[in-house]
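Right, one structure below, let's go through it.
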Amino acid sequence: MNIFRLAGDMTHLISILVLLLKIYATKSCSGISLKTQELYALVFLTRYLDLLTDFISIYNTVMKLVFIGSSLAIVWCMRRHRVVRRSYDKELDTFRHYFLIAATFALAVLVYEKFTFREILWAFSIYLEAVAILPQLVMLQRSGNVDNLTGKYVFFLGAYRAFYILNWIYRYFTEARFTRWIACVSGLVQTALYADFFYYYFISWKNNAKLKLPA
Amino acid sequence: FSEGKYHDEL
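If you're matching them up, the sequences are chains W and B in order. With my numbering applied, the first sequence covers 20 to 234. With my numbering applied, the second sequence covers 582 to 591.
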């Protein structure tokens with residue numbers, strides 16, 4: 020475990036806490052894409068199948084439970100909570116995310132580490148996580164203005180992936196046989212997707228203006 | 582942390 024990896028996991032955790040804060044503090048999920056949250060729940064459920072079979076460390080197990088639990092709680096909240104679900108902008112969240120699931124699953128069947136059930140699902144979860152933010156980014160561009168907490172949520176999600184890239188660079192130079200091409204390439208694609216968001220986020224922060232994404 | 586297992590990252 021290196022500092023970059025820990026920083027990455029912590030920013031990932033912070034992003035989820037910021038989202039939970041937004042939903043519980045404002046009792047609203049306006050501006051949040053339910054499709055992205057469903058994709059993240061699917062990512063965690065298909066990636067952490069080893070939760071019950073492989074014990075890596077207490078930290079690893081606890082974080083997996085937190086990620087699975089929080090992502091399912093957010094999806095449940097946006098679908099079922101009688102107050103929160105009324106603020107879901109269904110007409111803005113129109114990305115056809117089933118295509119993302121089909122495309123990433125097809126890719127996982129073609130490009131994998133080992134052709135086993137768990138490894139195919141692991142590769143699927145890696146590819147799916149790379150594109151899971153798309154419905155959310157599209158929704159932000161549609162809604163034009165981004166409220167403060169939602170902007171921070173996406174920012175921390177991007178920061179988490181950026182730390183993971185530093186973690187892979189660090190491990191590449193410090194561990195003999197560290198080759199994790201699927202995760203590295205997919206992680207690079209994922210972080211690149213945030214690049215334009217980061218750019219506009221930085222501009223709005225510098226001008227101390229409200230974050231506006233070009234339509 | 583006992584690293585080294587294959588998918589040791591989150």
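Every residue, glycine too, gets a C-beta built ideally from N, C-alpha and C. Source: prediction; values computed, not measured.
- Using 8 Å as the threshold, is the segment 85-94 of chain W in touch with the segment 110-124 of chain W, meaning 3 or more CB pairs across them? The segment 85-94 of chain W makes no contact with the segment 110-124 of chain W: fewer than 3 CB pairs, one atom from each, lie closer than 8 Å.
- Min CB distance residue 222/W to chain B below 7 Å: Taking Cβ atoms only, chain B never reaches closer than 7 Å to residue 222/W, which makes this a no.
- Message: Counting only Cβ pairs nearer than 8 Å, list the residues of chain B close to residue 141/W.
- Response: Here the neighbours are 588.
- residue 231/W by DSSP, collapsed to three states: which one? Strand, per DSSP.
- Within this structure, are the beta carbons of residue 112/W and residue 54/W separated by less than 7 Å? Going by C-beta atoms, residue 112/W is nearer than 7 Å to residue 54/W.
- Below 8 Å CB to CB, which residues in the same chain sit around residue 21/W once its five sequence neighbours on both sides are set aside? Same-chain partners within the cutoff: 186, 189, 190, 193.
- Message: Beta carbons nearer than 8 Å to chain B: which residues of the segment 75-93 of chain W have them?
- Response: Sequence-ordered contacts of the segment 75-93 of chain W with chain B read 75, 76, 78, 79, 82, 83, 86 [C-beta pairs closer than 8 Å].
- Query: CB residue 221/W to CB residue 23/W, shorter than 7 Å?
  - Reply: In this structure, residue 221/W sits away from residue 23/W, with a CB-CB distance that is not shorter than 7 Å.
- For residue 12/W, write down the residues that DSSP places opposite it in a beta bridge. Because chain W in this structure spans residues 20 to 234, residue 12/W falls outside the shown range and cannot be described.
- Which ranges does the beta strand (DSSP E) cover as unbroken runs of at least 3 residues, wholly within the segment 47-98 of chain W, from first to last along the chain? List check, beta strand (DSSP E) in window: nothing returned.
- Query: Going by Cα to Cα distance, which pick from 101/W, 213/W, 99/W is closest to residue 150/W?
  - Reply: Among 101/W, 213/W, 99/W, the Cα nearest to that of residue 150/W belongs to 213/W.
- Message: Less than 7 Å between the beta carbons of residue 146/W and residue 126/W, yes or no?
- Response: Yes.
- Message: As a quick exercise: from 77/W, 207/W, 44/W, 70/W, pick the residue whose alpha carbon is nearest that of residue 148/W.
- Response: Of 77/W, 207/W, 44/W, 70/W, the residue nearest in Cα terms is 207/W.
- Query: Taking Cβ to Cβ, would you say residue 209/W is nearer than 7 Å to residue 180/W?
  - Reply: Yes, they are a contact pair.
- Message: Buried or exposed, going by whether 16 or more other CB atoms sit within 10 Å of the CB of residue 154/W?
- Response: By the neighbour-count criterion, in which 16 or more other beta carbons inside 10 Å mark a residue as buried, residue 154/W falls on the buried side.
- Cα-Cα separation, residue 293/W to residue 198/W: Examination of residue 293/W is not possible in this model, given that chain W is present from 20 through 234 alone.
- Using beta-carbon positions only, say whether residue 50/W and residue 162/W come within less than 7 Å of one another. A contact, by the Cβ cut-off of 7 Å.
- Message: Helix, strand or coil, according to DSSP, for residue 197/W in the structure here?
- Response: Coil at residue 197/W, not helix or strand.
- Alpha-carbon to alpha-carbon, residue 166/W and residue 228/W: In this structure, the alpha-carbon of residue 228/W lies about 12 Å from that of residue 166/W.
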